[in-house]
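Working notes, beginning with the structure itself.
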Amino acid sequence: MSSNVALEENQQALALLKADADQILQLIKVQMDNLTMPQCPLYEEVLDTQMYGLSREVDFAVRLKLINESTGKDILENLERELSALHEAYQKHKSSS
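Note that the numbering used here has the sequence shown beginning at 99, numbered continuously upward.
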């Protein structure tokens, strides 16, 4: 496999993982916009399931050497930070209402 093809596959894998992380964030935003509370078991189940699925995708990409481990960890940590900020904003909005 040429290095150009390998690089293209690596970039494609990274783009797909980032897109999946963005989809999770959007899903959670929609749930919060529709007044599903973060303490709701359904919210927690969806979030846990989605995060677990993404972590498995990241592990798979790392094992295939499509991305390195630190890049995969960064994707998960960035999503967790964004979700935490979203949760805090929801809590502030809720308490000010």
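All C-beta atoms, glycine included, are put in the ideal place defined by N, C-alpha and C.
The structure presented is a predicted model; accordingly, all values stated were derived computationally and were not measured.
Contact check, A183 vs L115 under 8 Å by CB: the rounded distance? Within the sequence shown, numbered from 1, the residue matching residue 183 stands at position 85. Within the sequence shown, numbered from 1, the residue matching residue 115 stands at position 17. The Cβ separation is near 20 Å, so there is no contact.
CA-to-CA distance, L174 to M130, given in whole angstroms: Position 32 of the sequence shown, counted from the first residue, corresponds to residue 130. Position 76 of the sequence shown, counted from the first residue, corresponds to residue 174. Going from the Cα of M130 to the Cα of L174 covers about 20 Å.
Where E106 and L164 are concerned, what is the direct C-alpha to C-alpha distance, given to the nearest angstrom? Here residue 106 is taken as the residue at index 8 of the sequence shown, counted from 1. Here residue 164 is taken as the residue at index 66 of the sequence shown, counted from 1. C-alpha separation (whole angstroms): 10 Å.
Considering only the beta carbon of each residue, do L123 and L177 sit closer than 8 Å? Within the sequence shown, residue 123 is the residue found at index 25, counting from 1. Within the sequence shown, residue 177 is the residue found at index 79, counting from 1. It is a contact, given that the beta carbons lie within the stated cut-off.
Looking at the structure shown, is S100 part of a helix, part of a strand, or coil, going by DSSP? Residue numbering aside, residue 100 sits at position 2 when the sequence shown is read from its first letter. Reduced to three states, the DSSP call for S100 is coil.
Look at the alpha carbon of Q148 and the alpha carbon of I126, and state the distance between them as a whole number of angstroms. The residue you call residue 148 lines up with position 50 of the sequence shown. The residue you call residue 126 lines up with position 28 of the sequence shown. Their backbone Cα atoms lie some 10 Å apart in a straight line.
Test item: CB-CB of D118 and L162 under 8 Å: Within the sequence shown, residue 118 is the residue found at index 20, counting from 1. Within the sequence shown, residue 162 is the residue found at index 64, counting from 1. Not closer than 8 Å, so no.
When the Cα atoms are used, what is the spatial distance from K171 to R154? The residue you call residue 171 lines up with position 73 of the sequence shown. The residue you call residue 154 lines up with position 56 of the sequence shown. Cα to Cα, the separation comes out at about 12 Å.
Terminal residues of the continuous alpha helix (DSSP H) containing I173? Position 75 of the sequence shown, counted from the start, is the residue given in the question as residue 173. Here the alpha helix (DSSP H) through I173 covers 167-194.
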